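Here is the structure we will look at, set down as structure tokens.
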Amino acid sequence: MPASSATLITRLILQDFRTYASLDLSVTRPLVALVGENGAGKTNLLEALSLFMPGRGLRRADLAQMIRHDVPAGFAVSVSLDAPIGETRLGTGLERTAPDARPSRVCRVAGAGVSSAAAFSEYLRIVWLTPDLDALFRGAAGDRRRFLDRLVLAVDSEHGARVSALERALRSRNRILDETPDNRLWLDAIEREVAELAIAVAAARQETVHRLGALILATRDDTSPFPFATLSLEGDIDSLVASHAAVDAEDRYRAILREGRARDRAAGRTLVGPQATDMLVRHGPKDIPAHLASTGEQKALLIGLVLAHAQLVGSMTGIAPFILLDEVAAHLDPRRRAGLFAALEALGGQVWMTGADPDLFVELRGRADLLHVTPGQVVPLSA
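See the structure below:
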């Protein structure tokens, strides 16, 4: 998607968000680089933008933690979008509906309230990469599963709701197994709900991984500084979905749940299901598991994966996604850094990047909005 047809954030307004008492920031270019010392508030700006995706943002923090210190009322974040279909304003935050009430989440489109952040997906899609993902390939399966769900969520805005509903249903089943394990009617009912949600979640994950893997292979460039990845899903539920139609998979999974009640009760959790899935990633050119690659290779592999995912989001949704990159260029050599900037420009969406060292972005002068961040303030970066 060419940059001329992309949606751009032209204005970001914050009120009592994290370290910002108030901020009214205007930008004009597809590339935005935020430069400042550690702790200046650069990541806070990316986090504010990430709230326009379903979920809790790129830090996965409780919304109450985002309220500026000693300001109990709440916070507000709004963006103005310049889109091919016209200008739009989106807003979200925490507000008190009564003096003694706890702040609650609000979401607005053009000033009108909407039910949830899922409504924002009609106007924008967001992908991001943060330093805590550097250990993704070496870390726990749960970390890769959350990363996978975020990949799915960027193309399927209802995926987060299904995952949350599945988690609630699994907790209900675990509670029934613990408290009233002989109540077969309750267990049959909750396991029917679990099976429907589980197969839907697993199928959405599988479709996204299949599409992403196919795109990666179709656009493979062996001269790229970012090696291509091969992806697969590992888990009993994933094998079940891959080999059976959805209705048959639900029936078989219900049988697995029914037969595993005693085992799951002893374990205190449901052992088979999407909650046990792992996403396996391999370094394509070397054909080795990603966790065996060097630290630098893993970083480059992850960047390549996020770039490919952004391309997939654009092709599936028709919306060039916003890309949030927190300190992503700091440990790249000059060749990879130049390759990253070129790849980001080619994607056609708007990119917000952070870095402590202004020299990281010197080659973007004249091609990007270069901004200097100090606590509570953002101004143009001087030469």
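Numbering (the numbering used here), first residue to last: 3 to 385. For every residue, glycine included, the Cβ atom is placed at its ideal position computed from N, Cα and C. Here the structure is a predicted model, which is why all the values come from computation and not from measurement.
Assignment of Q352 by DSSP, reduced to helix, strand and coil, places it in the coil class. Contact between A85 and G350 is ruled out by a C-beta separation of about 13 angstroms, above the 8 angstroms threshold. D18 sits buried, since 16 or more C-beta atoms from the chains shown fall within 10 Å of its C-beta. If you draw a 10 Å sphere on the C-beta of K44, you find 16 or more other C-beta atoms in it, and that means buried. Scanning its chain for C-beta atoms nearer than 6 angstroms, with the 5 sequence neighbours on each side dropped, one finds around S123 the residues S159, in chain order. Residue environment for G59: buried (at least 16 other C-beta atoms within 10 angstroms of its C-beta). Here DSSP, grouped into helix, strand and coil, assigns E236 to strand.
With the rule of 3 Cβ pairs closer than 8 angstroms, the segment 296-307 does not count as touching the segment 179-196. In summary, I87 is exposed, with fewer than 16 beta-carbon neighbours lying within 10 Å of its beta-carbon over all protein chains present. Taking every protein chain shown into account, the CB of K301 has 16 or more other CB atoms within 10 angstroms, so this residue is buried. Per the DSSP secondary-structure output, G76 pairs with nothing in a beta bridge. The beta-carbon separation of L314 and L214, rounded to 5 angstroms, stays under the 8 angstroms limit for a contact. Distance check between R164 and each of I325, R140, D136 and A197 places A197 closest, using alpha-carbon atoms only. Apart from the 5 residues on each side of it in sequence, G286 sits with its Cβ closer than 8 angstroms to the Cβ of I218, R222, P229, F230, A231 and T232 in its chain, given in chain order. In terms of CA proximity to D134, L327 leads the group L327, A312, A257 and I11. C109 and L83 have their C-alpha atoms some 15 angstroms from each other.
Rounded to whole angstroms, L47 and I290 show a C-alpha spacing of 37 angstroms.
The criterion of a C-beta distance shorter than 7 angstroms is not satisfied by V353 and L53. Within the DSSP bridge table, the entry for E97 names S106 as partners. For V364, there are no CB contacts under 7 angstroms within the same chain when 5 residues up- and downstream are skipped.
Assignment of beta-bridge partners to P291 by DSSP yields R284. Fewer than three pairs of CB atoms, one per stretch, sit closer than 8 angstroms, so the segment 337-348 makes no contact with the segment 21-29.
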